[in-house]
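In this note's numbering, each residue carries its 1-based index in the sequence shown increased by 1266.
C-beta atoms are modelled at their ideal positions from N, C-alpha and C, and glycine is treated no differently.
Below is one structure; the comments refer to it alone.
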Amino acid sequence: MIKRLLLLFIFGAWLSSMGCATLEEMTAEKPPAPPPPPELVYPFSDIPIPNGFERDHAKSFVYESGSGTVKVGRFFYSGWSQLNDVVNFYQNEMVNKGWTLVNSIKHENTILNYEKEGWLCSLSIKSTLGKAYIEIQAGPK
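Right under this line is the structure:
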(Lines of atoms letter the chains of each structure in order from A and count residues from 1; the text may use other names and numbers.)
(Lines give C-alpha, C1' and ligand atoms only; values in the text may rest on other atoms or scores of the structure.)
Protein backbone atom coordinates (compact mmCIF):
# COMPACT_ATOMS: atom_id res chain seq x y z
CA MET A 1 0.00 0.00 0.00
CA ILE A 2 2.77 2.45 0.94
CA LYS A 3 4.74 1.40 -2.12
CA ARG A 4 1.74 2.20 -4.36
CA LEU A 5 1.24 5.60 -2.72
CA LEU A 6 4.94 6.40 -3.11
CA LEU A 7 4.86 5.40 -6.81
CA LEU A 8 1.67 7.41 -7.32
CA PHE A 9 3.25 10.45 -5.64
CA ILE A 10 6.44 10.18 -7.73
CA PHE A 11 4.43 9.72 -10.94
CA GLY A 12 2.22 12.73 -10.08
CA ALA A 13 5.25 14.91 -9.34
CA TRP A 14 6.90 13.86 -12.60
CA LEU A 15 3.70 14.46 -14.58
CA SER A 16 3.13 17.93 -13.13
CA SER A 17 6.74 18.96 -13.71
CA MET A 18 6.50 18.03 -17.40
CA GLY A 19 3.60 20.40 -17.99
CA CYS A 20 5.16 23.43 -16.33
CA ALA A 21 6.85 26.19 -18.28
CA THR A 22 10.31 27.30 -17.33
CA LEU A 23 10.77 30.58 -15.50
CA GLU A 24 12.25 32.16 -18.63
CA GLU A 25 9.20 31.19 -20.68
CA MET A 26 6.82 32.57 -18.07
CA THR A 27 8.60 35.91 -17.68
CA ALA A 28 9.56 36.47 -21.33
CA GLU A 29 7.75 39.48 -22.72
CA LYS A 30 6.08 38.97 -26.05
CA PRO A 31 5.88 41.96 -28.37
CA PRO A 32 2.36 43.32 -28.68
CA ALA A 33 0.45 42.29 -31.74
CA PRO A 34 0.43 44.92 -34.48
CA PRO A 35 -2.80 46.88 -34.77
CA PRO A 36 -5.19 45.64 -37.42
CA PRO A 37 -5.08 47.53 -40.72
CA PRO A 38 -7.72 50.22 -41.13
CA GLU A 39 -10.94 49.28 -42.86
CA LEU A 40 -11.67 50.72 -46.29
CA VAL A 41 -14.78 52.40 -47.70
CA TYR A 42 -16.33 49.98 -50.19
CA PRO A 43 -16.12 50.42 -53.23
CA PHE A 44 -13.40 53.05 -52.68
CA SER A 45 -10.45 50.86 -51.72
CA ASP A 46 -8.21 53.87 -51.15
CA ILE A 47 -10.27 55.66 -48.47
CA PRO A 48 -9.46 54.29 -45.00
CA ILE A 49 -11.70 54.19 -41.93
CA PRO A 50 -10.27 54.26 -38.38
CA ASN A 51 -10.58 50.97 -36.51
CA GLY A 52 -13.67 50.70 -34.35
CA PHE A 53 -15.84 52.99 -36.50
CA GLU A 54 -19.17 51.71 -37.81
CA ARG A 55 -21.02 52.74 -40.96
CA ASP A 56 -24.51 54.17 -40.68
CA HIS A 57 -26.09 52.21 -43.52
CA ALA A 58 -29.39 54.10 -43.29
CA LYS A 59 -27.69 57.40 -44.23
CA SER A 60 -24.92 56.11 -46.53
CA PHE A 61 -25.28 55.42 -50.24
CA VAL A 62 -23.19 54.42 -53.25
CA TYR A 63 -23.88 54.84 -56.94
CA GLU A 64 -21.73 52.81 -59.32
CA SER A 65 -22.26 52.54 -63.07
CA GLY A 66 -22.46 49.10 -64.65
CA SER A 67 -19.00 49.45 -66.13
CA GLY A 68 -17.55 50.61 -62.81
CA THR A 69 -16.06 53.74 -64.38
CA VAL A 70 -18.33 56.08 -62.40
CA LYS A 71 -18.52 55.76 -58.64
CA VAL A 72 -20.09 58.28 -56.29
CA GLY A 73 -20.64 57.79 -52.61
CA ARG A 74 -21.65 59.49 -49.41
CA PHE A 75 -20.80 57.61 -46.24
CA PHE A 76 -21.44 58.22 -42.57
CA TYR A 77 -19.38 56.62 -39.79
CA SER A 78 -19.21 57.01 -36.02
CA GLY A 79 -16.94 55.72 -33.28
CA TRP A 80 -15.50 56.50 -29.87
CA SER A 81 -12.48 58.69 -30.51
CA GLN A 82 -11.25 62.25 -30.05
CA LEU A 83 -11.56 64.72 -32.93
CA ASN A 84 -7.80 65.34 -33.14
CA ASP A 85 -7.05 61.61 -33.28
CA VAL A 86 -9.40 61.12 -36.23
CA VAL A 87 -8.07 64.21 -38.04
CA ASN A 88 -4.47 63.02 -37.54
CA PHE A 89 -5.46 59.55 -38.79
CA TYR A 90 -6.78 61.00 -42.05
CA GLN A 91 -3.92 63.45 -42.50
CA ASN A 92 -1.52 60.47 -42.40
CA GLU A 93 -3.52 57.68 -44.03
CA MET A 94 -4.95 59.62 -46.98
CA VAL A 95 -1.43 60.64 -48.03
CA ASN A 96 -0.32 57.00 -47.63
CA LYS A 97 -3.11 56.00 -50.04
CA GLY A 98 -1.93 58.50 -52.67
CA TRP A 99 -4.33 61.39 -51.96
CA THR A 100 -3.16 65.02 -51.95
CA LEU A 101 -4.61 67.50 -49.46
CA VAL A 102 -6.26 70.38 -51.34
CA ASN A 103 -7.38 72.38 -48.31
CA SER A 104 -8.64 72.05 -44.76
CA ILE A 105 -11.08 74.06 -42.70
CA LYS A 106 -10.99 73.81 -38.92
CA HIS A 107 -13.59 75.33 -36.64
CA GLU A 108 -16.00 73.35 -34.46
CA ASN A 109 -15.60 70.51 -36.90
CA THR A 110 -12.86 69.80 -39.45
CA ILE A 111 -13.23 69.52 -43.21
CA LEU A 112 -10.43 67.92 -45.22
CA ASN A 113 -10.57 68.00 -49.02
CA TYR A 114 -8.37 65.65 -51.04
CA GLU A 115 -7.83 64.90 -54.72
CA LYS A 116 -6.27 62.04 -56.63
CA GLU A 117 -6.01 61.38 -60.39
CA GLY A 118 -9.50 62.50 -61.41
CA TRP A 119 -11.12 61.86 -58.03
CA LEU A 120 -12.22 64.10 -55.16
CA CYS A 121 -12.83 63.17 -51.54
CA SER A 122 -14.25 65.44 -48.86
CA LEU A 123 -14.15 64.45 -45.19
CA SER A 124 -16.19 66.26 -42.55
CA ILE A 125 -15.23 65.24 -39.00
CA LYS A 126 -16.97 66.37 -35.83
CA SER A 127 -16.96 65.21 -32.23
CA THR A 128 -19.61 65.27 -29.52
CA LEU A 129 -19.03 63.98 -25.98
CA GLY A 130 -16.09 61.77 -26.99
CA LYS A 131 -17.79 60.25 -30.03
CA ALA A 132 -16.52 61.21 -33.47
CA TYR A 133 -18.67 61.41 -36.58
CA ILE A 134 -17.23 61.20 -40.09
CA GLU A 135 -19.02 62.13 -43.30
CA ILE A 136 -17.20 61.10 -46.47
CA GLN A 137 -18.15 62.25 -49.97
CA ALA A 138 -16.22 60.79 -52.88
CA GLY A 139 -16.57 60.86 -56.62
CA PRO A 140 -15.05 61.88 -59.93
CA LYS A 141 -13.65 65.37 -60.50
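- Selection Glu1381, Gly1332, Phe1355, Arg1321 evaluated against Arg1340 yields Arg1321 as nearest (Cα-Cα).
- Boundaries around Tyr1356 are those of the alpha helix (DSSP H), 1349-1362, since no beta strand (DSSP E) includes it.
- For Ile1371, the closest of Tyr1329, Ser1388, Asn1358 by C-alpha to C-alpha distance is Ser1388.
- Beta bridge pairing from DSSP links Arg1270 with no other residue.
- The closest CA to that of Lys1363, considering only Asp1312, Glu1295, Val1307, is found on Asp1312.
- Excluding five sequence positions before and after Tyr1380, the CB atoms of its chain that fall closer than 8 Å to its own CB belong to Met1360, Trp1365, Thr1366, Leu1367, Val1368, Leu1386, Cys1387, Ser1388, Leu1389, given in chain order.
- A distance of 8 Å or more separates the beta carbons of Glu1330 and Ile1315.
- Only residues of its own chain outside the window of five on either side were considered, and among them Pro1316, Ile1391, Ala1398, Ile1400 have a CB closer than 7 Å to the CB of Val1352, listed in chain order.
- Counting only residues of its own chain and dropping the five nearest sequence neighbours on each side, Pro1309 has a CB closer than 7 Å to the CB of Val1328, Glu1330, Lys1337.
- Counting along the chain, the unbroken beta strand (DSSP E) around Asn1369 starts and ends at 1366-1372.
- Counted as a single uninterrupted DSSP element, the beta strand (DSSP E) harbouring Asn1379 occupies residues 1376-1382.
- The beta carbon of Gly1384 sits closer than 8 Å to those of Pro1406, Lys1407, all from its chain and outside the five residues before and after it, given in chain order.
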